[in-house]
């Protein structure tokens, strides 16, 4: 027996779980499974869960009434090319870009911010 706690899944709230899972499956190369209430993306680098919330309110980042509850970070080789791909899949690029030299911030179709960051740029703790 061990006292080690292992993270098994990060789950994101959504107005429609399978719709948001399909978005993330498209941009990560994963596979979306589930329905509008509970869905999962089985991805090449880990899985992401999505649960439907009846009174879902999207974050209004960077300023606003509803704060950013969380955000996902994805490492990429080319910010511009990958950015074009996520926009084509339904993302929106935020006007506010605090680290535009190495990271672009987008909103997924449910309004959650997510980041595309360049490989090789030191992260906190590196």
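In full-length UniProt numbering, the protein residues as written are 1 to 126.
Heads up, the beta-carbon is just placed ideally off N, CA and C, and yes, glycines get one too.
Counted within 10 angstroms of its Cβ, other Cβ atoms place residue i as buried (16 or more) or exposed
{"i": "residue 77", "result": "exposed"}
{"i": "residue 12", "result": "buried"}
{"i": "residue 56", "result": "exposed"}
{"i": "residue 5", "result": "exposed"}
{"i": "residue 30", "result": "buried"}
{"i": "residue 66", "result": "exposed"}
Simplified DSSP assignment, three categories, for residue i
{"i": "residue 121", "result": "coil"}
{"i": "residue 24", "result": "helix"}
{"i": "residue 86", "result": "helix"}
{"i": "residue 18", "result": "helix"}
{"i": "residue 39", "result": "strand"}
{"i": "residue 95", "result": "coil"}
{"i": "residue 107", "result": "strand"}
Residue from the options whose Cα sits closest to the Cα of residue i
{"i": "residue 118", "options": "111, 101 and 110", "result": "101"}
{"i": "residue 88", "options": "4, 7, 27 and 40", "result": "27"}
{"i": "residue 38", "options": "94, 115, 83 and 22", "result": "22"}
{"i": "residue 114", "options": "84, 73 and 99", "result": "73"}
{"i": "residue 7", "options": "14, 47, 25 and 66", "result": "47"}
{"i": "residue 64", "options": "111, 51 and 35", "result": "111"}
{"i": "residue 94", "options": "59, 120, 75 and 81", "result": "59"}
{"i": "residue 99", "options": "91, 81 and 121", "result": "121"}
{"i": "residue 24", "options": "81, 91 and 9", "result": "91"}
Rounded Cβ spacing between residue i and residue j (contact assumed at less than 8 Å)
{"i": "residue 43", "j": "residue 17", "result": "Actually they are not in contact, since the Cβ atoms of residue 43 and residue 17 sit about 16 Å apart, beyond 8 Å."}
{"i": "residue 53", "j": "residue 14", "result": "7 Å"}
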